[in-house]
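A.B. asks:
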Amino acid sequence: MANAWMVRTFIKHSDETEDFPELMGIVRGVFDTSLALESRINDPAAYFKMLSKKLGKLEVAARQFAIDAPIASTHTNFKQAVISIRFCCQELRAALETYQQAPPSSSGSR
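Counting in this note's numbering, the final residue of the sequence shown is number 139, and the numbers go up one at a time with none missing.
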């Protein structure tokens with residue numbers, strides 16, 4: 030999520046966002062997901078349950094961002110932001126799937 034937060038910060042503070050407010054979708058998506066997950070960081074079961082609820086929405090925002098970003102700017106930073114947020118979503122999806130296949134036992138060990 031740290032990488033997603035960097036993308037969020039870049040987009041939120043970019044001049045292009047003033048002219049292309051559609052970019053704020055990824056900002057809101059990352060913020061919503063981060064806010065929901067941060068309070069569950071010490072409880073893996075609750076964390077992954079919440080991630081399963083929020084990830085789809087983040088992925089939708091990331092897909093829309095991949096469409097909107099090149100329209101807003103062709104600068105390399107925007108291209109990299111698209112790559113970064115896609116990778117973040119892929120990694121979150123992989124972590125969720127791994128957890129769902131082998132959740133920790135009640136004793137806390139895997």
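In this text, a Cβ means the ideal position worked out from N, Cα and C, and glycines have one as well.
Predicted model, so just to flag it, every value in this text is computed and none were measured.
1. Cutting at 7 Å between CB atoms, please list the residues of its own chain near alanine 101, excluding the five before and the five after it.
2. Which first and last residues belong to the alpha helix (DSSP H) in which asparagine 32 is found?
3. Got a sec? Which residues, its chain only, sit under 8 Å from lysine 66 by beta carbon, not counting five neighbours each side?
4. Taking C-beta to C-beta, are valine 36 and alanine 110 nearer than 8 Å?
5. Out of His42, Gln130, Leu121, which one is the CA nearest neighbour of alanine 91?
6. Would you list, in sequence order, the uninterrupted alpha helix (DSSP H) runs of no fewer than 4 residues that lie entirely inside the stretch 53–114?
7. Which residue's Cα is closest to the Cα of isoleucine 114: Asp72, Lys86, Arg69, Ser68?
8. Going along the chain, which residues of its own chain have a beta-carbon closer than 6 Å to the beta-carbon of cysteine 117, five neighbours each way excluded?
C.D. replies: Well, looking at it:
1. Glu45, Phe49, Leu52, Phe107
2. 31–41
3. Correcting the residue identity first, residue 66 is leucine in this sequence and not lysine. Hits under 8 Å: Met30, Tyr76, Met79, Leu80, Lys83.
4. For valine 36 and alanine 110, yes; Cβs fall inside 8 Å.
5. Leu121
6. 53–67, 73–101
7. Among Asp72, Lys86, Arg69, Ser68, the Cα nearest to that of isoleucine 114 is on Lys86.
8. Asn32, Ala33
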